[in-house]
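**Student:** Here's a structure for you.
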Amino acid sequence: MVRSALFALVLGALLALVAAAAGDASSASLPPLMLQVDDSVLPRVAKRMTALLGSVATHELQVVPASESVNPTLLPAGAVVVAVGELDVVKAYNGSAAAAGLGPEGYVARGCAAGEVAVLVGSGMADEGKLTHGGGGAGFAAYELLQLLGFGFLHPLDPLVVTAVPSVASLGLGPCTGPVAVRAAVHERHLRIRGYHIHTMHPLELTNMFNGFGVKGPGDEASFNNMLTDELPNVCEWMVANLQNRVEWVVLYAQEWAQFATSNTRQARLAAIVAELHSWGLAAGADVPIAEIQQHAWPMVHNTGSAAEQEAQIHASIDWFMAAGFDFISTENGYSEFTHPDDELMLTWMNVATAYIADTYGKRMYIKCHCSTGQTCKNFDDPRTGKPLNFNFLPIYADSRLGIMPHTVQTYTLDEPAPTYGNLNFTYMEAFTAWQAGLGEREVVYHCESAYWVNYDIDVPLFLPVYGLNRLVDLRRLASSSPSLDGQMVFDSGWEWGYWLHDVVVARAAYDPSLDIASDHAAFAEALRVPTAPFGSAQDDVIAWLMAMVEAETQLLIYGNVTGHIFDGNDASVVKANGQAYLEGWDSFADIGALSKHALATQPNRIGLQAIRLDSSYPTHLAPLLAAMNTTFGELVVELEQLADAIPARALPMYNELVQSSRVLAARAAQVYALYDYAHYWSKDKAWRAARLATAEAALETAMTNIRAREAAYRVPLDRIAFWGAYPVTVYNFGYVWTAHSGYYFWRDYAVALDAEPAVLSPCFLNIQNPVDTALGEGIALNVTHLLDKLLDEFKWTREFIAPCLFPPHNEPIFPRDLYNMTMLNA
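Right, dumping it as structure tokens:
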């Protein structure tokens, strides 16, 4: 009876196996994809690897415990092994970071072929600090192996997932028995601190979430949770895949929602964001100004009382953020980029904050050293010169535990002409960085930009991959001039319009700026291989095209180089003679800043469309540059379009984005050239001027057609980033790509060139911003009043002439309908 029962049991089991095999024959016939990780890989990363590899339809995923043995030579043809950690199989295939003797966050990622089996192994070293929460080289190795299989982490909200693993031959893997396997890589970090500052003073994709708001405000908990669980993990993954180890953002405050600002609900939501970053091994930082009040900043010192009261306010602010779990605080110097308190008072505040966070919590504070000009200290001199110290450099006298972040803006390298914020270049910022890093007294973190936003780039929109080259060039220069530099924190302001492409380059360069490659341009071409990997056989052609685009942008937008006008080393010669000054957007406060003598110009100045009418130098001085941009960017569009047939299907969305972005850039160049011709040659016959105006209108139409096409592919809903209306978090009444959506900059230049109404004579024409909140902060309208009074006296304007600067429209302007009707929109 027992034997019969046992037989029946065995037979039943065999039948069940046969039935299962028959019911899932397709699965059983698939080659295995074996995943094995040890505990050096964070659970969050391991879980994500499992999900991604589980999406591969060509293989059957098998997750192997770390304690079990994996032997690739015993697997069937077509099998894939992915192993991360100090595992036996990793060591057997030379993937051990420990054996390689790597330093903190170093990692190994190797791919080879064991017969017809793909073997991808890697491991990494932990960070020596506690801020990475268990992250480090193992996570970097894991994501490099995923990229070898074809996964991509290019746009922070849109990972590229593969459903079919290429064959061993297609993966380009050399034999595992060779002395050096093909696709082998051993990596050591260049900078210890590598992070992104997501500038949530701007109305970006995740500004609301990073401030504890839902899409519709603080009460919209559902959309906050959706962004927290569906979108933030993609951003964290992008950071790890691109070798970053920290993220910071600006936590805002406004009187209109002051009760929510300090609430337990908001603090708990911020803590949830911090916890998500920690689960990926990322440190989380809050940007909390000490006294700055521009753009809804949350100052630690929110009212000036006695010294004891000020100190208590600073302590309370730090306590609140530490209770949310933040790892560090970054802060700002002064009241705004352009205004400041007494230097001794400001220094006292810095020291109080730095000492408190260090002594109470064992944590660090960092402060920005901005590149604005025109402010000096009354009580402190520059030790290098004996002259009054640049107020932005005041932190050098602070507690040495206060880290500093020398901050440059926009596309410019440390040695190129940089006619912005009252500067001619940023060579003094490089010297300051090198000086402070060389002293070794405090942490020094370079604070560069990959998007500026306001008028300058992504909101026009202008496709500017030159950002990628120039940030790489900066890091390579600083490796020589500032070898003791601690890190890079990238100021980031939006990811659409191809800006993800250079963000990948900028982020990865902080880990490895390719110092073994002699040429900056060769290093950049190599850096482009990661963001262009999905282009497959067309990759080299796409890289060549990007290199040509970047060279054109360098020569035309930065140096203004055209036949007959070649940069001669005099940085002042590019003022009003560089292409960026003409393609960027111009709004009311850009116009006012350009007119003022108070260092408020925050973008390159230009010869305006009004002034060009009587500028006799236009045909020889400016027209050749505008013509060259029109021709060059137009030709580059054609060259990119000619690659269409060679683009693999999986890369088409990225290719379409590059095409549409470059078309808008070319359309902007064509429009500006035609409008300047139209405005300058006012005495030419009507037919000629009508033709130039028609060209400008056609360019505008081309731009809007491509903007509409691009909007359909944005990674978040259009009304989240291109809205108009009451926005509860930032000071801006519109989303960060509303100006692109509406064609605002295109239409404003068109109306000024047309000169059909007296309203265009005012710099306040088509104003869309509140100057008090935006530039100088709530509660200090007096500063704006003083500035406008100076301009009234200087230019003999009437107050009615500039009144629109103080009264932006409540209702959304629609162009061309409202070109001359903005005052009606306040109804």
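Under mature numbering (1 follows the signal peptide of the UniProt record, and there is no 0), read the sequence shown as residues -20 to -1, 1 to 807, first letter to last. Idealized CB from N, CA, C, for every residue including glycine. Predicted, not measured: the structure shown is a model, and the values here were computed from it.
(1) Tell me Q382's beta-bridge partners as DSSP assigns them.
(2) At the level of alpha carbons, what is the spacing between A689 and R695?
(3) Compare the Cα-Cα distances from R364 to each of L465, E312, F504, A414 and report the closest residue.
(4) Under 8 Å, do Q235 and T710 count as touching if we go by C-beta distance?
(5) At the level of alpha carbons, what is the spacing between V60 and I253?
(6) Between G81 and A89, which are expected to be in contact by the criterion C-beta below 8 Å, what is the C-beta distance as a whole number of angstroms?
(7) Give the list of continuous alpha helix (DSSP H) stretches no shorter than 4 residues that lie fully inside the stretch 537 to 589.
(8) Within a Cβ cutoff of 6 Å, which residues of the same chain sit near A603, ignoring the five residues on either side of it in sequence?
(9) Which partner residues does V88 have in the DSSP bridge list?
(10) For E429, write down the residues that DSSP places opposite it in a beta bridge.
(11) What number of angstroms, rounded off, separates the C-alpha of V522 from the C-alpha of S494?
(12) Measuring only the C-alpha atoms, how far is V50 from D307?
(13) Compare the C-alpha of E124 against each of S499, V148, G91 and name the closest.
(14) Can you pull the DSSP bridge partners for V227?
(15) DSSP beta-bridge partners for N405?
(16) For residue 812 versus V446, is the C-beta spacing smaller than 8 Å?
(17) Taking all protein chains shown into account, decide if Q560 is buried (16 or more other Cβ within 10 angstroms of its Cβ) or exposed.
(18) Compare the C-beta of A670 against all C-beta atoms of chain D and say whether one is closer than 8 Å.
(19) What residues in its chain sit with their C-beta under 7 Å from that of Q704, if we drop five residues either side in the sequence?
(20) Could you please give the first and the last residue of the uninterrupted alpha helix (DSSP H) stretch that includes K358?
(21) Which of helix, strand or coil does DSSP assign to E410?
(22) Could you tell me the alpha carbon to alpha carbon distance between E85 and S499, rounded to whole angstroms?
(23) Could you name the residues that DSSP lists as bridge partners for F133?
(24) Quick check: what's the CA-CA separation for D492 versus G261?
(25) Using DSSP bridges, identify the partner residues of E40.
(26) Using CA coordinates, which residue listed in E108, Y800, H182, P697 is at the minimum distance from P738?
(27) Measuring alpha carbon to alpha carbon, tell me which residue in A649, A79, W480 is nearest D140.
(28) Note down, in chain order, each residue of its chain lying with its Cβ closer than 6 Å to the Cβ of L589, except the 5 sequence neighbours on either side.
(29) Going by beta carbon distance, what residues of the same chain come within less than 7 Å of M302, once the five residues before and after it are set aside?
(30) Restricting to Cα atoms, I'd like to know which of P198, A574, D657 is closest to L673.
(31) Does the structure place the stretch 141 to 148 close enough to the stretch 104 to 116 that three or more beta carbon pairs sit under 8 Å?
(32) Do the stretch 502 to 513 and the stretch 482 to 490 touch if we need at least three Cβ pairs shorter than 8 Å?
(33) How about I384 and I438: do their beta carbons lie closer than 8 Å?
(34) Let me check one thing: in DSSP terms, what residues is T311 bridge-paired to?
(35) So the alpha helix (DSSP H) P633 belongs to, where does it begin and stop?
(36) Return the residue from the list V425, G573, T407 that minimises the CA-CA distance to P743.
**Tutor:** In this structure, then:
(1) Note on residue identity: the sequence assigns Leu, not Gln, to residue 382. Bridge partners of L382: M345.
(2) If you take the alpha carbons of A689 and R695, they lie about 13 Å apart.
(3) Sorting L465, E312, F504, A414 by C-alpha distance to the C-alpha of R364 places A414 at the top.
(4) No, these two residues do not count as a Cβ contact at 8 Å.
(5) Each residue's alpha carbon lies about 35 Å from the other.
(6) Incorrect: roughly 16 Å between the Cβ atoms, too far for contact.
(7) The stretch 537 to 589 contains these whole alpha helix (DSSP H) runs: 560 to 563, 568 to 575.
(8) Same-chain partners within the cutoff: there are none.
(9) DSSP, once it has assigned bridges, lists S103, V166 as partnering V88.
(10) Paired residue(s): F471.
(11) The alpha-carbon of V522 is positioned some 21 Å away from that of S494.
(12) Between V50 and D307, the C-alpha separation is close to 39 Å.
(13) Distances from the alpha-carbon of E124 to those of S499, V148, G91 put G91 closest.
(14) In the DSSP output, where bridge partners are listed per residue, V227 has Y176, A264.
(15) Answer is P397.
(16) No statement about residue 812 is possible, as the shown extent of the chain runs from -20 to 807 and does not include it.
(17) If you draw a 10 Å sphere on the C-beta of Q560, you find 16 or more other C-beta atoms in it, and that means buried.
(18) Absent here is chain D; the protein component of the structure consists of one chain.
(19) What sits at residue 704 in the sequence shown is Trp, not Gln. In its chain, beyond the 5 residues on either side, N713, F714, W718, E792 have a beta carbon closer than 7 Å to the beta carbon of W704.
(20) Unbroken run through K358 is the beta strand (DSSP E), 356 to 361; no alpha helix (DSSP H).
(21) Assigned with DSSP and collapsed to three states, E410 falls in helix.
(22) Rounded to whole angstroms, E85 to S499 spans 26 Å at the Cα level.
(23) DSSP, once it has assigned bridges, lists no residue as partnering F133.
(24) The C-alpha of G261 is placed about 19 Å away from the C-alpha of D492.
(25) Under DSSP, E40 takes part in a beta bridge, and its partners are P12.
(26) Nearest option by C-alpha distance: Y800.
(27) Strictly speaking, residue 140 in this sequence is Leu, with Asp absent from that position. It is W480.
(28) Excluding sequence neighbours, L589 sits near A659, V732, A733.
(29) Excluding sequence neighbours, M302 sits near Y341.
(30) Nearest Cα to L673 within the set P198, A574, D657: D657.
(31) Because the criterion of three Cβ pairs below 8 Å is not met, the stretch 104 to 116 and the stretch 141 to 148 do not touch.
(32) In short, these stretches touch, since the Cβ pair count reaches three.
(33) No, Cβ-Cβ distance for I384 and I438 is not below 8 Å.
(34) Bridge pairing for T311: I347 [DSSP].
(35) Here the alpha helix (DSSP H) through P633 covers 632 to 660.
(36) With distances taken between CA atoms, P743 lies nearest to G573 out of V425, G573, T407.
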